Amino acid sequence: QKEVEQNSGPLSVPEGAIASLNCTYSDRVSQSFFWYRQYSGKSPELIMSIYSNGDKEDGRFTAQLNKASQYVSLLIRDSQPSDSATYLCAVNMQPGTYKYIFGTGTRLKVLA
Amino acid sequence: DGGITQSPKYLFRKEGQNVTLSCEQNLNHDAMYWYRQDPGQGLRLIYYSQIVNDFQKGDIAEGYSVSREKKESFPLTVTSAQKNPTAFYLCASSRTSGTQETQYFGPGTRLLVL
């Protein structure tokens with residue numbers, strides 16, 4: 061069964077620190093990877109997408125992809141209390157289709 | 073102001089009742105999706121539609137039905153056959169249904185059983 065695994069947390073970091081969120085996936089043919097942020101009671105909002113091995117930076121966020129090891133991570137630099145949310149990893153495991161498998165999410169708490 | 077709207081925000085269902093959740097988008101996206109989210113679980117795909125007048129079952133379609141008569145609209149009906157409907161329902165859309173297409177989500181509808 062195709063799976064996307066995330067540590068449920070909570071991951072607690074002090075304000076200003078780097079938060080590191082990890083996601084592993086089961087299918088080597090996966091091609092597209094997405095990170096969403098979801099505040100409590102709200103819908104997911106896209107933070108980053110990444111398709112190639114290596115790092116992709118956007119402001120305070122960096123996505124890292126390692127297809128050989130089958131993991132994707134999200135780093136949040138200079139963490140702020142407003143970053144406190146659940147972060148969902150989504151993976152496309154069927155190339156050529158729309159279908160994405162979502163992890164259960166990691167809850168991040170940034171302590172002021 | 074482009075985006076995805078869902079209504080109502082909260083919906084209450086009685087035993088044996090069918091209810092319909094609305095999803096509208098003005099992003100000119102071809103593909104639309106319905107997901108269900110339960111506490112502590114990831115999003116699970118109910119139905120998706122790649123073009124008007126066509127839709128496909130997702131992983132948990134039993135007890136649900138959809139229609140896609142217009143590009144902008146993709147309503148979801150939760151039928152009485154769905155025995156555990158309490159969940160957060162999310163509608164999403166993407167420009168196409170390709171591999172690298174980003175899905176954008178509406179604000180969601182929370183369904184509760186009376």
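Protein chains in written order, with this note's numbering: chain A, 61 to 172; chain B, 73 to 186.
Ideal placement from N, C-alpha and C gives every residue a C-beta, glycine not left out.
Remember, predicted model here, so these are calculated numbers, not experimental data.
Worksheet entry | Same chain only: Cβ atoms within 8 angstroms of K159 (chain A), ignoring 5 sequence neighbours per side | Excluding residues within five positions, the ones whose Cβ falls inside 8 angstroms are N152, M153.
Practice prompt. Give the single residue among A:S142, A:N126, A:G76 whose Cα lies nearest to the Cα of D87 (chain A).
Written response: When the alpha-carbon of D87 (chain A) is set against those of A:S142, A:N126, A:G76, the nearest one is in A:N126.
Practice prompt. Examine the Cβ distances between the segment 85–100 of chain A and the segment 123–132 of chain B and report whether three or more of them are shorter than 8 angstroms.
Written response: As far as the Cβ criterion goes, the segment 85–100 of chain A does not touch the segment 123–132 of chain B, which means the pair count is below three.
Fill in: Rounded C-alpha distance that separates M108 (chain A) from A153 (chain B)
CA-CA distance, M108 (chain A) to A153 (chain B), rounds to 38 angstroms.
Discussion item. If you reduce the DSSP assignment to three classes, tell me which class D143 (chain A) lands in.
Written reply: D143 (chain A): helix per DSSP, three-state reduction.
Worksheet entry | Where M108 (chain A) falls: helix, strand or coil (DSSP) | Collapsing the DSSP output to three states places M108 (chain A) in a strand.
Discussion item. Looking only at its chain, what residues have a beta carbon closer than 7 angstroms to the beta carbon of S72 (chain A), apart from the 5 residues adjacent to it on each side?
Written reply: Excluding sequence neighbours, S72 (chain A) sits near K169, L171.
Item to complete: Step through the CB atoms of chain A and report whether any lies within less than 9 angstroms of the CB of A103 (chain B).
Response: Yes - at least one Cβ of chain A is within 9 angstroms of the one on A103 (chain B).
Fill in: Rounded C-alpha distance that separates G114 (chain B) from A164 (chain B)
Approximately 15 angstroms, taken between the alpha carbons.
Discussion item. Quick check on the DSSP output: the beta strand (DSSP E) that includes N98 (chain B) runs from which residue to which?
Written reply: That residue, N98 (chain B), is in no beta strand (DSSP E); it is neither H nor E in DSSP.
Worksheet item: Who are the near neighbours of I161 (chain A) in its chain, counting only those whose CB is closer than 6 angstroms to its CB and skipping five residues on each side?
Response: Apart from sequence neighbours up to five positions away, the residues of its chain that approach I161 (chain A) with a beta-carbon distance below 6 angstroms are K62, V64, V151, M153, ordered along the chain.
Worksheet item: Going along the segment 97–123 of chain B in order, which residues come within less than 9 angstroms of chain E, judged by CB to CB distance?
Response: Note that chain E does not occur in the displayed structure, where the protein chains are A and B.
Worksheet item: Looking only at C-alpha atoms, which of A:E117, A:D118, A:S133 sits nearest to A79 (chain A)?
Response: Looking at the Cα atoms, A:S133 is the closest of the given residues.
Worksheet entry | Neighbourhood of R137 (chain A) by C-beta distance below 7 angstroms, restricted to the same chain and skipping five residues each side | The answer, listed in chain order, is I78, R120.
Discussion item. Judging by CA-CA distance, which residue of B:Y107, B:P111, B:E87 is the nearest neighbour of T146 (chain A)?
Written reply: A check of alpha carbon separations from T146 (chain A) across B:Y107, B:P111, B:E87 identifies B:P111 as the nearest.
Discussion item. Pairs of beta-carbons, one from the segment 167–184 of chain B and one from the segment 95–114 of chain A, closer than 8 angstroms: are there three or more?
Written reply: Judged by pairs of C-beta atoms under 8 angstroms, the segment 167–184 of chain B touches the segment 95–114 of chain A, as three or more such pairs exist.
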